[in-house]
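Okay, here's the thing in structure tokens:
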């Protein structure tokens, strides 16, 4: 690839990554601004958890839809639609409407952050390099997402801290997000190239006939389920840690909401940058992705146990939460690179996404109820301890999934060597 091709590829990857960053920052503001969101919108823990689950339900429903849309329509057009729709929804959000409207808003966020974005994004990134580069490409993309999210989230924190009224600050925060969506929409129009869509009737029929085959083959393949459990375990850790460690620091460790948000931005976005760039290269260094995943899950389990037993030593506990954030973001930035090791074709991505990314549906409901239970008996820390035990359980599941993935790759390599 010549210099111009490299520059064009880098620019396209940058724009795609920045869009992905904001696409999931805005619907998941609770990750960094949990307490401020609760105050500005007069919500309870369970209501915030409900909004998270509504968003997740629509996301999961839209994963297979996204695959179909990505196959039939231009990536560029779908990205433009996503950015424009997300801007309009965020403008409605900034009016700080009632809870019923917030449910509708988060449902719409689920539709336009997944149906018209997710598969086109994965498709575009994967096509930027060879199979040997996939770990690095997804890792770099995750890192670039972290840069964009850090910049926007830091501006949002400065803004929300500048207003005496939490409601006004939160409204301005949302306006900033809407403006960035519009800017990214124009960047997409001028930077992302048009796909070449072939309207061949025989090919369309072939595609439609192959959908049933793809679904059937995917669901009956043990390799698919290995990947599902690796990704589901990693995504559950990421959802839980990113969603609730911030408010854990506020309500258990006793730090201020703004300091907690600052640390959440570091954990959720700055660390994403570091984990994305370093994680991709680290995972690619292992002989098998399964071996790498197994060790990262083990490191996660150790960090979670350390948080559980150091809650009375605030400074040390905060440092460990940052380490934990790095680990869960290494998992999130690299777990899509395991498909090749398991012998999974590109076509199965939608099915795997549909099942493996369901934690968004149940994590907010379960964790919010852990917290509410702790509050109801006058022991808030106990509710958060349940959350940490939940994280430990998923770490152990991840370790076992990594071991099985490692064995599957070794089996594939042995069979390949026997054939040759």
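Numbering (the working numbering), first residue to last: -6 to 413. For every residue, glycine included, the Cβ atom is placed at its ideal position computed from N, Cα and C.
With respect to residue 267, residue 296 sits apart: the two C-beta atoms are not nearer than 8 Å. Comparing alpha-carbon positions, the option among 241, 215, 390 lying closest to residue 402 turns out to be 215. Runs of alpha helix (DSSP H) with 4 or more residues, each lying fully within the segment 87 to 154, are found at 92 to 103, 111 to 119, 127 to 154, listed in chain order. Runs of the alpha helix (DSSP H) lying entirely within the segment 207 to 244, each at least 4 residues long, are 215 to 244 in chain order. Taking a contact to require three or more Cβ pairs closer than 8 Å, the segment 382 to 399 and the segment 220 to 236 qualify as touching. In this structure, the straight-line span from the alpha carbon of residue 11 to that of residue 370 is close to 43 Å. A Cβ-Cβ separation of about 6 Å places residue 28 in contact with residue 240 under the 8 Å criterion.
Here residue 92 is exposed, its C-beta having fewer than 16 other C-beta atoms within 10 Å.
A buried status is given to residue 16, since no fewer than 16 other beta-carbon atoms sit within 10 Å of its beta-carbon. With the rule of 3 Cβ pairs closer than 8 Å, the segment 283 to 296 does not count as touching the segment 342 to 352. Residue 39 sits close to residue 365, with the two beta carbons spaced by under 8 Å.
The Cβ neighbour count for residue 400, taken over all protein chains shown within 10 Å, is under 16; the residue is labelled exposed. For residue 20, the secondary structure class from DSSP, reduced to helix, strand or coil, is coil. Here the alpha carbon of residue 237 sits roughly 47 Å from the alpha carbon of residue 410. Residue range 250 to 258 is occupied by the alpha helix (DSSP H) that includes residue 253. Note that the C-beta distance between residue 113 and residue 81 is not below 8 Å. In the DSSP annotation of this structure, the continuous segment of the alpha helix (DSSP H) that includes residue 177 starts and ends at 159 to 184. Residue 74 places its beta carbon less than 8 Å from that of residue 109. If you compare the alpha carbons of 43, 57, 151, 244 with that of residue 378, the shortest gap goes to 244. Distances from the alpha-carbon of residue 220 to those of 350, 13, 3, 169 put 350 closest.
Closest option to residue 116, judged by alpha-carbon separation, among 68, 133, 144: 68.
The three-state reading of DSSP puts residue 60 in helix, counting H, G and I together.
A straight line joining the alpha-carbon of residue 248 with that of residue 314 spans about 14 Å. For the pair residue 132 and residue 254, the CB atoms are not nearer than the 8 Å cut-off.
Residue 246 holds the alpha-carbon nearest to the alpha-carbon of residue 306 among 19, 246, 234. Taking a cut-off of 8 Å on C-beta distances, the segment 83 to 102 touches the segment 166 to 175, as three or more cross pairs fall below it. Within a 10 Å sphere around the beta-carbon of residue 331 sit 16 or more other beta-carbons, which makes this residue buried. Secondary structure of residue 323 (DSSP, three-state): helix. Residue 275 is positioned such that its CB atom lies closer than 8 Å to that of residue 285.
Between residue 273 and residue 119, the CB-CB gap reaches or exceeds 8 Å. DSSP places residue 368 in the uninterrupted alpha helix (DSSP H) bounded by 352 to 369. Secondary structure of residue 333 (DSSP, three-state): coil.
Straight-line measurement puts the Cα of residue 186 at about 37 Å from the Cα of residue 256.
Residue 354 is positioned such that its CB atom lies no closer than 8 Å to that of residue 134.
DSSP places residue 281 outside both helix and strand once states are collapsed to three, so it counts as coil.
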